[in-house]
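In order, the protein sequences belong to chains S and V. Mind the numbering: the first sequence is residues 43 to 343 in the numbering used here, read in order. Mind the numbering: the second sequence is residues 9 to 413 in the numbering used here, read in order. See structure below.
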Amino acid sequence: MLSRLSLLLSVIGMMLAQSANAGLNVFACEPEWASLAEALGGDQVRVTSATTARQDPHHIEARPSLIAKLRRADLLICSGAELEVGWLPMLQRKAGNRQVLTGQRGYFEAAMLVDRLDVPEVLDRSMGDLHASGNPHVHLDPHRLLTIAMALSERLIELDPENGALYEQRRNDFNQRWQNSIEAWEQSAAPLKGLRVVVHHMDWSYLFDWLQMVNAGALEPKPGLPASASNLTSLKQEMEQNPAAAILYTHYQSPKAAKRFSQLSGIEVVELPYTVGGAAEVTDLFSLYDVTLKRLLKLVQ
Amino acid sequence: MSTRLLQSAAVVAAILSTAAEAAGDSSFNPEISLILDGRYGSFDNDSDYELPGFMLGGEAGRGEEGFHLGHSELVLSANVDNLFYGKMTAAIAEHDGETEVELEEAYIETLGLGHGITAKAGRFFSGLGYLNQQHPHAWDFTDAPLIYRGLFGDQLLDDGVHLSWVAPTPMFVKVGAEITRGERFPAAGASNDGVGASTFFAKVGGDLGESQAWQLGISHWRAEVEGRTSGGHHHHEDEEGGHETPTYSGDSDVTGIDFVWKWAPHGNATERNLKIQGEYFIRNEDGDVVMDDESDAPESTTYDGEQKGGYLQAVYQFMPRWRVGLRYDWLDSDNKGSDEEVLAEAGLDNEGHTPQRFTLMGDYSHSEYSRVRLQFARDESYEDKDNIITLQYIVSLGSHGAHQF
Chain S
43 MLSRLSLLLS
53 VIGMMLAQSA
63 NAGLNVFACE
73 PEWASLAEAL
83 GGDQVRVTSA
93 TTARQDPHHI
103 EARPSLIAKL
113 RRADLLICSG
123 AELEVGWLPM
133 LQRKAGNRQV
143 LTGQRGYFEA
153 AMLVDRLDVP
163 EVLDRSMGDL
173 HASGNPHVHL
183 DPHRLLTIAM
193 ALSERLIELD
203 PENGALYEQR
213 RNDFNQRWQN
223 SIEAWEQSAA
233 PLKGLRVVVH
243 HMDWSYLFDW
253 LQMVNAGALE
263 PKPGLPASAS
273 NLTSLKQEME
283 QNPAAAILYT
293 HYQSPKAAKR
303 FSQLSGIEVV
313 ELPYTVGGAA
323 EVTDLFSLYD
333 VTLKRLLKLV
343 Q
Chain V
9 MSTRLLQSAA
19 VVAAILSTAA
29 EAAGDSSFNP
39 EISLILDGRY
49 GSFDNDSDYE
59 LPGFMLGGEA
69 GRGEEGFHLG
79 HSELVLSANV
89 DNLFYGKMTA
99 AIAEHDGETE
109 VELEEAYIET
119 LGLGHGITAK
129 AGRFFSGLGY
139 LNQQHPHAWD
149 FTDAPLIYRG
159 LFGDQLLDDG
169 VHLSWVAPTP
179 MFVKVGAEIT
189 RGERFPAAGA
199 SNDGVGASTF
209 FAKVGGDLGE
219 SQAWQLGISH
229 WRAEVEGRTS
239 GGHHHHEDEE
249 GGHETPTYSG
259 DSDVTGIDFV
269 WKWAPHGNAT
279 ERNLKIQGEY
289 FIRNEDGDVV
299 MDDESDAPES
309 TTYDGEQKGG
319 YLQAVYQFMP
329 RWRVGLRYDW
339 LDSDNKGSDE
349 EVLAEAGLDN
359 EGHTPQRFTL
369 MGDYSHSEYS
379 RVRLQFARDE
389 SYEDKDNIIT
399 LQYIVSLGSH
409 GAHQF
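Structure, rendered in structure tokens:
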């Protein structure tokens, strides 16, 4: 009995010791922010992502494993701008973790740090699942991402000042590498300017804004509603007037609608990674942009 | 009066305009949502509903025939400040031709206690079981499982305090307790100066790989019951034609186990997903039943009862928007008393009948805010077997909060 008790106590002790380790437990809502936190935090952060590239960040559930993870988090990083409105508030309430509540220092809302596109003038559900604060998929513009990265690094330093120098060094490295990459990406992406593409969902607004590409239409009749036959037919007619170069979709969306529209219209389907993990070779934010541009550039060669 | 109206209209307009401008979680402060639920029911027989072996109360019943409304719910919720969250749900429903507004939930919940601790006070759905905390509009079938109908009058709802703790462990572990007034069915009577009922529960859960998530729970509820009447649904006429109301006083405790398992390919539930859940409850009661006929010497009996039952259900979304579900319900009871006749009059004799029900449903959700459902039930919960067809729509207007796992 006594040995069992001491075993139990030592297990509890181990758990407490683990949570008292130096560094930060980071809970990221999406893989892009998990990757950014790893890039900026290095060995000082233990990062988990609530979603993978195969999951739609609009629609996941406040499931038990996520409650347990958020319970132990020091920092919560999410896109925000209502992307996670369907599950994050519930998760925050269930986890009972004061540090990661909205407005606390342990709460980091990436999209709110930059200007957002597609801010609706009128909010009406008949127009689909609109975000009042604008399009939350901000990570696909490297300039906005850099702004967010700098702010995130500040936050890491604030929460874990002991390792401040390490975070600062990593930030400078990241900043340098990222700026160099932006220059290279912008040079290689010049032919994409004006390229017309059809999208599945409005995931790519920031990418198009950056590369000056043109959104020629969406498979979803309204944001958040599944693609319908009638919408595809009317979209096809539009394409006959003013054709597009490709139909874009990503991992978490069913390829069925894109393929069906491709058969209807004869337009090529291109799968883009969208986030880290969205393709085998996309292991961090750098390769996310590399692969995205590579696949798009094939269309103009 | 008209200036007041104008004033309030201006206030509403101001709220709505700021709501449209503001961002994030606080965009509607408070968040307002309205649930509309309309139904058409068709039964095969017209006899009065009963559940042999169970004293019915609360919302228990098999629903209504023809066109009718379910619960229309108005929900207001918001973070009060950085410490509290508040929520109110008013259900507007028709009972016996009268429109009644019921306060279903009105509680505050702490946000900022930290250390995994959450406290709640007010009126709320008990943390017992799995389905109990879900609103009827979130149910996968149009009605509650028979065991919820028999034990709790569809849902266990009470006024009191709730405390829960999430452990700082890799696996989800949560324990909680509630102390409540115990005035509503099935506790009834608000004994012990209005702190007559208590609940304990524990839950564990986690993921199995990327595609599966599970949760397992146990719970226990107990109350000292003072004068629980089998309200409205179950009056018995005696020989002289007068009404007798079966009234129970004594101890009552319920112990239950619940599980839910969800599967979606790569954890992406938007295309296909499967949910399997089941619960089992057992109730023990020990006390007296009095057939209250407003006379000085009503009939009575001792009552030592055991009632149990459960359900098992599976709901499968086979393509976006479309789901099918299957549910099996069963009940059993073993009630003893000093006067078997009185026990039978109180509806506590199961008449050798073990209630069961098979339910099949299919629903279509045009968006996450609207759902149309067709349900067929082969209801053998009482002696007159019934085939029940229900057609239902459920829509939500406004900012609709997240559902629980």
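Ideal Cβ positions, reconstructed from N, Cα and C, are used throughout, including at glycine.
- DSSP lists no bridge partner for S:Q97.
- Any Cβ of chain S closer than 8 Å to the Cβ of V:M179 would place that residue at the interface, and such an atom is present.
- Counting of Cβ neighbours within 10 angstroms places S:I309 among the buried residues, the total reaching 16 or more.
- Interface flag for V:F209 against chain S is unset, since no Cβ pair is found closer than 8 Å.
- Residue pairing by DSSP places V:F75 opposite V:Y48 in a beta bridge.
- Sequence-distant partners of S:L188 (beyond 5 residues in either direction) whose C-beta falls short of 8 Å from its own C-beta, in its chain, are N217, W220, Q221, I224.
- For S:N273, the closest Cβ of chain V is not nearer than 8 Å.
- Within the segment 128-144 of chain S, the residues whose Cβ lies closer than 9 Å to some Cβ of chain V are G128, W129, L130, P131, M132, L133, Q134, R135, K136, A137, G138, N139, R140, Q141, L143, T144, listed in chain order.
- For S:V156, the three-state secondary structure derived from DSSP is coil.
- In the DSSP assignment, no residue is bridged to S:N284.
- Looking at the backbone, the Cα of S:S270 and that of S:L261 are separated by about 8 Å.
- Annotation: S:H243 has no Cβ neighbours in chain V at a cutoff of 8 Å; minimum Cβ distance is about 11 Å.
- The Cβ atoms of S:A191 and S:L78 sit closer than 8 Å to each other.
- In this structure S:W227 touches S:Y331 by the C-beta definition: roughly 6 Å separates them, less than 8 Å.
- Under the DSSP assignment, S:L341 falls outside any beta strand (DSSP E); it carries neither an H nor an E label.
- Put simply, of V:G71, V:L44, V:E108, V:E102 the residue whose alpha carbon is nearest the alpha carbon of V:V83 is V:L44.
- As DSSP reads the structure, V:H228 sits in a beta bridge with V:F208, V:T263.
- Check the Cα spacing between S:I102 and each of S:A193, S:M132, S:A258: the tightest is with S:M132.
- Below the 8 Å Cβ cutoff, chain V contributes N276, T278 as neighbours of S:D98, in chain order.
- Near chain S, meaning a CB-to-CB distance below 9 Å, no residue of the segment 284-302 of chain V qualifies.
- Cβ-Cβ distances below 8 Å link S:G236 to Q254, M255, V256 in the same chain, with the five nearest sequence neighbours on each side left out; the list follows chain order.
- Around the beta carbon of V:L216, fewer than 16 other beta carbons lie within 10 angstroms, which makes this residue exposed.
- Taking 8 Å as the CB threshold, S:E313 stays off the interface with chain V.
- Residue state for S:T275 is assigned as helix, using DSSP reduced to three classes.
- For V:P153, the number of other beta carbons within 10 angstroms of its own is at least 16, and it is reported as buried.
- If the five residues before and after V:F208 are omitted, its C-beta is found closer than 6 Å to the C-beta atoms of A185, H228, all from its own chain and listed in chain order.
- Here the C-alpha atom of V:G333 lies approximately 9 Å from the C-alpha atom of V:Q383.
- Close to S:T94, with beta-carbon spacing below 8 Å, are these residues of chain V in chain order: E218, H274, G275.
- With at least 16 other beta carbons inside 10 angstroms of its own, V:P363 counts as buried.
- Membership of S:E74 in the alpha helix (DSSP H) is indicated by the continuous run 73-83.
- Contacts with chain S at 8 Å (Cβ-Cβ) do not include V:L356.
- Closest by C-alpha distance to V:V183, out of V:D104, V:K211, V:G94, V:E348, is V:K211.
- Around V:G124, the same chain offers W173, V174, A175, P176 as residues with beta carbons nearer than 7 Å, after the five sequence neighbours per side are excluded.
- With a cut-off of 8 Å on Cβ pairs, the segment 114-133 of chain V is not in contact with the segment 297-309 of chain V, counting fewer than three such pairs.
- In the DSSP assignment, S:Q305 falls within the alpha helix (DSSP H) that extends over 297-307.
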